[in-house]
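K.L.:
Could you have a look at this structure, given as structure tokens, before my questions?
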Amino acid sequence: MEPNMVVDISPPINNVMPASNGIHTNGSIELNIDEHERELPFVDDGQIPLGELLSRVMQSIYAELSELAETMPNMSDSARKRTMADWVVKTKKQVVKLYAVAKWARDAGTVQKCMNITAFLMNQNQQFADVLGSLEAIRDAMAPARLRNHDLLTSLDVLTTGSYRRLPTIIKKSIIPPHPLTDAEVLKTLTDMEDVMRYRLRLTEIIPVEMSHYRISNGRVYFTAPKLFETSICLRGAEKDDGWFFVHVEFLITVGGDATGIQEFPRIPTGIMKRHLADEADSRLAFYLPMPEQPPSVELPPRPVLPEGIVDTPLVRLYNFLQIMSLSYQLEILWYQAERMRSLGWAEFLSVNMTPDRKTMTVTYWRRKPMPNTGIRHRSIRIPEIGGKLVIAIVEARASVQAGGGPERSSKARVLADLQRKSKLGTKQPSDDVEGLRFKVTWEPEQGALGVQIPPEELILPSEMLAINADDLDFESLLLKVIQRHVNSIISMIQLNLQRGPSRAVFGAPGVVTLNEEDNSRGLRVRLCADEIVIITIDPRTGRLNLRDTGDLAAAGRGPRFFAVSEKINESPSMLMDALVRLRLQTIVDLAEQMAKYLGLQSFRTRNFPAEERRKLGPSARGTLFIQLEHFPDHYLVIVITDDNFQYALIESKVLRESMFANLVMEDIGWLDFDRIHGEDVARPDVEVRAGMKRKRSVDDGPNVPHMEADRKGFNLDTQVLRELYSYCCARVAYTKVERQFKLRSIQFTHVTPSTSANPLATELQSSLVRSVPSLCVQSKHILEGAPAAEAAMPNIRVIPLNWWSDSESGKGAQVVTCVKLKYVYVSKSGEGTSSIIRPSKRIIYDTTEAIVSFLSENVNTCVDEFLEEWARVSKMVVIAREVAQLKGRKGWEDVQLLDFDLQTAVFAYKGDYTVSITCEDQLNRPTGGKFELRFGRMGNVDGGRNPHSEAEPFLRTVLHAGKLGPSVHQLVMLLRDTLPIVVELSEFTGVDSFAKSAGWYRVLYRSHHALDFRLMTERRVAILDGSHSLFSLPSSTDDAQLGLKPIPNFAQIISELSGPGRRLDVGIVCRMNEVGGIAREVHDRVVKQLEGSR
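If you want it as structure tokens, here you go:
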């Protein structure tokens, strides 16, 4: 082999074999960069592919666009623009971030190579560290691995004799077995040793009082320290200087809680742990014993020597050692259980720290993430980052100086220890003292945890609650007890703050905030309003405040809201009070809004009122709900939410046209007395309000309306109550509009209690609140001043708004009915046997029994004008009916009687069975005053209902227009009665034409050239004249020219030859009304005969 050649025994690199057979020249193999990079380990920790990031961002943008496409069509234009702008800004930020990431990704290869090189170098460092560790281990293991001493005797024998003279001792010991002891020898040996142990323990050995319970058995002494350990030791021999040696130990502990991992902590140590305990225990027992003889070549450090007057106490050292080992073992078990809790979901909120000496374990719970420092000062109280600490430490408990010092013991144990020392040591001192170790558990809750300051007395726990029980080592149970106490204290303080703090006006009433005990867990049951309840709890694991409902079906949809509120509260727990107040307010508004939706009412949580306008609702207003009156869009029923009840107001709004945002102002506001509206005693005393006086919108002067105690406690609002309030507001607005019309006309009015018995329309359109809403009463002399037939109405006229309780589905708006009681009762006989209520038109109802006329107006704003119009329409017929009804008494006309009357038509018999029906059309025509129509007939349809007065109807109707209607009716009836014999007689003439020339002038035409006139004169006289002659002094030629009639031949002779009564004239005869029948018939017969003879 060449001197400059070396053998390469390393494995081939990248399957590249050396150029020669196992050897190569002194140097290295040249590899390219790619091969070196392939040797590097690949590290992808904390990285994500750029493609996956791009895919996620694009999918998120697409999903948001799809959602906007579905939800934006239902938004208003301004909301769509605002939503789109917000989405564009947010998406732009994401895209910019993605762009920056894409820029950074250009250097991803270089970064990846650096990470791979870093990992390679770290592996190299770890390999160097492992090599150093292995070398140190080899060094430590080589020290005891020495060769045996040289066998000098055998060497001399071989050197002198040339062969072995004897076997080596090691062979004898390994081949020739020793003689075993018999059972009797073993028992005797053990009994002797037990006697020695008993002697030494009773006379010379100092036994710690804590393990003074011992027993001797099987050649060993068993010591028991309650709740710590049980150990057994044995003597090395029976000599005075022979020490003790350790045999076994059993820790008197029981692992509680979760049984997982219990095998990791056996009561009796085994394996390396037992060997460590045995070595350390033997070392402490033999601390002051002389070293056994060692070979000359072995040098061990000398053992300490006891000073004069000091007595060795190995059992004290053994107790101290096993005591600290037992306590440390228990602490390790608790630490293991705490770490296991962290692995089971507590890691984020629980931290476990152990000191380097493994004697103190500190557990912090309810860890919070630190608030980011944004540079903005928050008004909220700083919340600690932890909820509290639980410290478990192994400490030495020392007695006070007055008690004599030493370990902390009971009086009895201290006396026993002193007696033992004096009896066994006398004046000498022990080499070691007992270390009184114990567990000290300290609970250190953080003040201000969850924003609550807890009084110090609430933070004191009884010692038994914090005791470590070796018979049940359960850290989870201990921690939960501490946390539950902390939770209960915080919950109690929250309850106290709610009931006595700034929000006591809201939550201070009895029964509003109560404790809720469930499964040893305390929570708060807060009644928001009515049956709306929220339960506040604290999660023992996370220390987070949770708001939840009661779990009933009615609260199924409130989970997301409670979750959102809980998140906000946990971000700043000091805002719990404000959050509860806001949640309560929102719940109350939701309840009222839900009731309004059930009733189909249009409601708004806010309206465009400026701040100064909203202050008109009072300083106690916390929230509002505006319910718009359907029939009166400018009016709102406002539900004002205060700290302890609802208040109700009726407002009238007006839009400020000159404002930029069309702000609203409250032109009028009136507070509603809920108890009076909803209660049984709803009658309002009559209060006269004169024309021009400002009407009070409410029976109270301000918004502080006292409510019943029952309503204070729960904000009870059901659909019936809301419906009544809404209807009452509609009624008040309707009354306001009616009263405003009266004031504009300076008409005085008063409020009276409504009576449905006097109002047939109110009976038909009844509402549960009709009796609680007063009616308006005006004087007929005021409202009917200047109107026709004002004297026909009684002095009091009622004006009652109706139908204000109807909804939009009924298709009817608010109406006004005006009730006028007539002075006379006019009975309609056409409807005998049926209802006494007649309805001649859509807007007029007439009660024939009570003589009440009800005028219905569909428009509240013009109801007074419509009433006056309708009154003018029916007033003339009322006058006609009244005058006809009075004729029988005044004139003594027994056969004149009113047959039928329905406010639009009056039918009466004016003589015998002859009737006339009068109607008036277009009564409001100012120039003509309306048009009367007369229809004549016969009662019982005699003669086919033919009445000869029908031909004179155009002239008779003018009689009613001649002057005042009352006298005109008298004149008409008198004219009809007086002319009835004439028209009856004329109707009997045949072969001639008869017709009316005026109301009292009838003509019979003979052959179109001659005529006979019948004229009604005063004092019930009738003149029968030749139609060619006038009653006035006019030349006959003028009459002939004008009338085209010729005188009746020999008419004077005809008159003179009449046999009946009457006064004869040259051109006719005048007779009385009762004589006209016979005279007219005789004159007619003679004229016909004369004309036939003159042909």
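Residue numbers for the sequence shown follow UniProt numbering, so the first one is 1 and each next one is one higher. Even glycine gets a Cβ: it sits at the ideal position worked out from N, Cα and C.
Going by C-alpha to C-alpha distance, which of Leu-416, Val-391, Ile-394 and Leu-437 sits closest to Glu-408?
P.N.:
Considering only alpha carbons, the answer is Leu-437.
K.L.:
Excluding the 5 residues preceding and the 5 following Ala-278 in the sequence, name in chain order all residues of the same chain whose CB lies nearer than 6 angstroms to its CB.
P.N.:
Phe-246
K.L.:
Counting Cβ pairs, one atom from each stretch, are 3 or more of them under 8 angstroms apart for the segment 101–120 and the segment 58–78?
P.N.:
These segments do not touch.
K.L.:
So what does DSSP say about Lys-821, is it helix, strand or coil?
P.N.:
strand
K.L.:
Look at Gly-388 and Ala-449 and say whether their C-beta atoms are less than 8 angstroms apart.
P.N.:
yes
K.L.:
Mind checking which residues open and close the alpha helix (DSSP H) that includes Asn-320?
P.N.:
Where Asn-320 is concerned, the enclosing alpha helix (DSSP H) stretches over 314–341.
K.L.:
Of the residues Leu-1016, Val-526, Ala-286 and Arg-946, which one's Cα is nearest the Cα of Leu-976?
P.N.:
The option with the nearest alpha carbon to Leu-976 is Leu-1016.
K.L.:
Exposed or buried, what is Ala-1041 when buried is set at 16 or more other beta-carbons lying within 10 Å of its beta-carbon?
P.N.:
With a pLDDT of 44 at Ala-1041, under the threshold of 50, the modelled position of that residue is not reliable, and the figure given next carries that caveat. Answer is exposed; the Cβ neighbour count stays below 16.
K.L.:
With distances taken from CA atoms, which of Ala-413, Ala-129, Leu-50 and Thr-160 is nearest Arg-106?
P.N.:
Leu-50
K.L.:
Whole-angstrom Cβ separation of Asn-947 and Tyr-914, contact assumed at under 8 angstroms?
P.N.:
6 angstroms
K.L.:
Suppose you measure from the CA of Leu-956 to the CA of Leu-972; what does that come to, to the nearest Å?
P.N.:
Going from the Cα of Leu-956 to the Cα of Leu-972 covers about 7 angstroms.
K.L.:
With 16 as the cutoff for other CB atoms within 10 Å, does Asp-192 come out buried or exposed?
P.N.:
exposed
K.L.:
Can you give me the C-alpha to C-alpha distance between Glu-724 and Lys-781, rounded to a whole angstrom?
P.N.:
Computed Cα separation, rounded: 36 angstroms.
K.L.:
Return the CA-CA distance between Ile-171 and Pro-177, expressed in angstroms with no decimal places.
P.N.:
Linking Ile-171 to Pro-177 through their CA atoms gives a straight-line distance of about 11 angstroms.
K.L.:
Could you round the C-beta distance between Lys-424 and Val-395 to whole angstroms and report it? I think they count as a contact, below 8 angstroms.
P.N.:
Actually they do not touch by this definition, with Cβ atoms about 29 angstroms apart.
K.L.:
With DSSP as the reference, label Arg-913 as helix, strand or coil.
P.N.:
Checking the displayed sequence, the identity of residue 913 turns out to be Asp instead of Arg. Reduced to three states, the DSSP call for Asp-913 is coil.
K.L.:
Tell me, please, which residues DSSP counts as bridged to Val-816.
P.N.:
Pro-801 and Ser-857
K.L.:
Would you tell me roughly how many angstroms separate the C-alpha atoms of Glu-866 and Ile-1079, rounded to the nearest one?
P.N.:
55 angstroms
K.L.:
Applying the criterion that 16 or more other CB atoms from any shown protein chain within 10 Å of the CB defines a buried residue, is Arg-284 buried or exposed?
P.N.:
buried
K.L.:
Please determine if the segment 592–599 and the segment 607–616 are in contact, where contact requires at least 3 C-beta pairs separated by less than 8 angstroms.
P.N.:
No contact exists between the segment 592–599 and the segment 607–616.
K.L.:
What do you get for Thr-320, buried or exposed, if any count of 16 or more other CB atoms within 10 angstroms of its CB means buried?
P.N.:
For the record, residue 320 in the displayed sequence is Asn; it is not Thr. By the neighbour-count rule (16 or more Cβ atoms within 10 Å), Asn-320 is buried.
K.L.:
Assuming the contact rule is C-beta atoms closer than 8 angstroms, Leu-528 and Val-513 should be a hit. Round their C-beta distance to whole Å, please.
P.N.:
Actually they do not touch by this definition, with Cβ atoms about 11 angstroms apart.
K.L.:
Just to confirm the assignment, what range does the alpha helix (DSSP H) spanning Trp-87 have?
P.N.:
77–104
K.L.:
Could you check the C-alpha separation between Gln-429 and Cys-234 for me, to the nearest Å?
P.N.:
C-alpha separation (whole angstroms): 24 angstroms.
K.L.:
Quick one: give me the first and last residue of the alpha helix (DSSP H) that Ala-649 is part of.
P.N.:
No alpha helix (DSSP H) holds Ala-649; the beta strand (DSSP E) holding it covers 646–655.
K.L.:
Determine which residues share a DSSP beta bridge with Lys-931 and list them.
P.N.:
DSSP lists Glu-921 as partners of Lys-931.
K.L.:
Output the distance between the C-alpha atoms of Arg-56 and Ser-727, rounded to the nearest integer angstrom.
P.N.:
56 angstroms
K.L.:
Measuring straight from C-alpha to C-alpha, what distance separates His-179 and Tyr-164?
P.N.:
26 angstroms
K.L.:
Would Ser-994 be called buried (16 or more neighbouring beta carbons within 10 Å of its own) or exposed?
P.N.:
buried
K.L.:
Does Pro-177 have its Cβ less than 8 angstroms from a Cβ in chain C?
P.N.:
The question asks about chain C, but that chain is absent: this structure has only one protein chain.
K.L.:
Determine the extent of the beta strand (DSSP E) in which residue 1105 is found, giving its start and end residues.
P.N.:
The displayed coordinates of the chain run from 1 to 1095. Any statement about residue 1105 would go beyond what the structure contains.
K.L.:
How do the segment 478–487 and the segment 497–516 stand: do at least 3 beta-carbon pairs fall below 8 angstroms, yes or no?
P.N.:
Under the three-pair Cβ rule at 8 angstroms, the segment 478–487 does not count as touching the segment 497–516.
K.L.:
Can you tell me whether Ser-163 sits near the ligand GDP, meaning its C-beta is under 7 angstroms from at least one heavy atom of the ligand?
P.N.:
Among the components of this structure there are no ligands whatsoever, and the ligand GDP is therefore not found.
K.L.:
Can you tell me whether Asn-704 is buried or exposed, with buried defined as 16 or more other CB within 10 angstroms of its CB?
P.N.:
Confidence at Asn-704 is low in this model, with a pLDDT of 39, below 50, so the placement of that residue should be treated as unreliable; the coordinate-derived value is given next. Its Cβ having fewer than 16 others within 10 Å, Asn-704 is exposed.
K.L.:
State yes or no: is the C-beta of Met-361 within less than 8 angstroms of the C-beta of Leu-318?
P.N.:
no
K.L.:
Look at the alpha carbon of Ser-1028 and the alpha carbon of Ala-962, and state the distance between them as a whole number of angstroms.
P.N.:
28 angstroms
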